[in-house]
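FYI, the numbering for the sequence shown is 0 to 196, going by numbering that gives the first Met the number 0. Virtual Cβ for every residue (Gly too), placed ideally from N, Cα, C.
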Amino acid sequence: MTTAKGIATRQRIVEAAAAEIRERGTLATTLDDVCRRSGTGKSQMFHYFPEGREQLLLAVTEFEARHVFDDQQPYLDDLVSRAAWEQWRDVIVDTCRRQGPHCPLGVLIADVGRYSPAAQAVTTQLIRRWQDAVRTGIEATQAAGEADPALDADRTAAAVITAIQGGVSVLLSTGSVDHLEAVLSLCLDHLLGPVGQ
0 MTTAKGIATR QRIVEAAAAE IRERGTLATT LDDVCRRSGT GKSQMFHYFP EGREQLLLAV
60 TEFEARHVFD DQQPYLDDLV SRAAWEQWRD VIVDTCRRQG PHCPLGVLIA DVGRYSPAAQ
120 AVTTQLIRRW QDAVRTGIEA TQAAGEADPA LDADRTAAAV ITAIQGGVSV LLSTGSVDHL
180 EAVLSLCLDH LLGPVGQ
């Protein structure tokens, strides 16, 4: 049975690994870096992650995936009008602007999934869950008469998620959220019609 202290130590290791990966990337982050940052030793590391790096990467992916959803709430679950969609867009853009190249989305999209099959599976699950949430919002907005009823909700949701991923990739390369904001605004225009129409 894991103690409260054990749970806290494991969480500290995961958070330290996530911070190192955000700052330096998966390839450059070593277990020694994580131990140093978390204030733990190798024996503690392998106590909580007996399978080593692969298991730790999986825990980091799950941790960052939770952040992606937490950062979008309560807006993601309430996409029923133009105002709600614009609030959701603004939260994503503001979060990415604040976190810059160290945002959890960047870690999930551009980094850890490439080096761990288990982490890639978690990222795939995240994308599917995210797409489902956006599709539900599109369908609710269509039902409310505020979105084009002819749009394929799942295909449009996939395009929105892909647009966000592309915007985050540009952010990682340039440090600017301008492309992310522009592409999300275009997605909303496609879904809801241009502002003022």
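Nearest neighbour of residue i, chosen from the options [CA to CA]
i	options	result
Leu-150	Val-169, Arg-128, Gly-192	Gly-192
Val-65	Asp-31, Thr-135, Trp-129	Before going on, a small fix: residue 65 reads as Arg here, not Val. Ranking the options by Cα distance to Arg-65, first place goes to Trp-129.
Ala-117	Asp-70, Glu-19, Arg-52	Arg-52
Arg-154	Arg-127, Gly-174, Asp-177	Arg-127
Ala-58	Arg-97, Ile-6, Gln-72, Val-90	Ile-6
Arg-205	Asp-89, Val-90, Ile-163, Leu-75	Nothing can be reported for residue 205, as the shown portion of the chain is limited to 0 through 196.
Val-79	Gly-136, Leu-179, Gln-10, Pro-73	Gly-136
Gln-71	Ser-37, Phe-62, Glu-63, Ile-91	Ile-91
Arg-97	Asp-147, Asp-177, Val-121, Leu-56	Asp-177
Val-121	Cys-95, Thr-2, Thr-60, Ile-160	Thr-60
Glu-180	Asp-89, Pro-148, Gly-105	Asp-89
Gly-174	Thr-161, Gly-105, Ala-162, Leu-190	Gly-105
Enclosing alpha helix (DSSP H) for residue i [first to last residue]
i	result
Ser-175	First-last for Ser-175: undefined, no H or E at that position.
Asp-131	116 to 142
Backbone secondary structure at residue i - three-state DSSP
i	result
Met-0	Residue confidence for Met-0 is low, a pLDDT of 47 falling below 50, so the modelled location carries little weight; the figure read from the coordinates is stated next. Met-0 falls in the coil class under three-state DSSP.
Leu-185	helix
Thr-102	Here residue 102 is Cys; the residue named in the question, Thr, does not match the sequence. Reduced to three states, the DSSP call for Cys-102 is coil.
Gly-166	helix
Asp-151	coil
Ala-157	helix
Gly-192	coil
### Message
Closer than 8 Å is the cut-off here; do at least three beta carbon pairs connect the region 138 to 153 with the region 164 to 183?
### Response
no
### Message
As an exercise, report each continuous beta strand (DSSP E) stretch of at least 3 residues that is fully enclosed by the region 2 to 86, in chain order.
### Response
none
### Task
Indicate whether the contact test is met: 3 or more Cβ pairs, each with one atom in the region 79 to 92 and one in the region 175 to 184, closer than 8 Å.
yes
### Query
Just checking, does the region 33 to 48 make contact with the region 12 to 21 on the three C-beta pairs under 8 Å criterion?
yes
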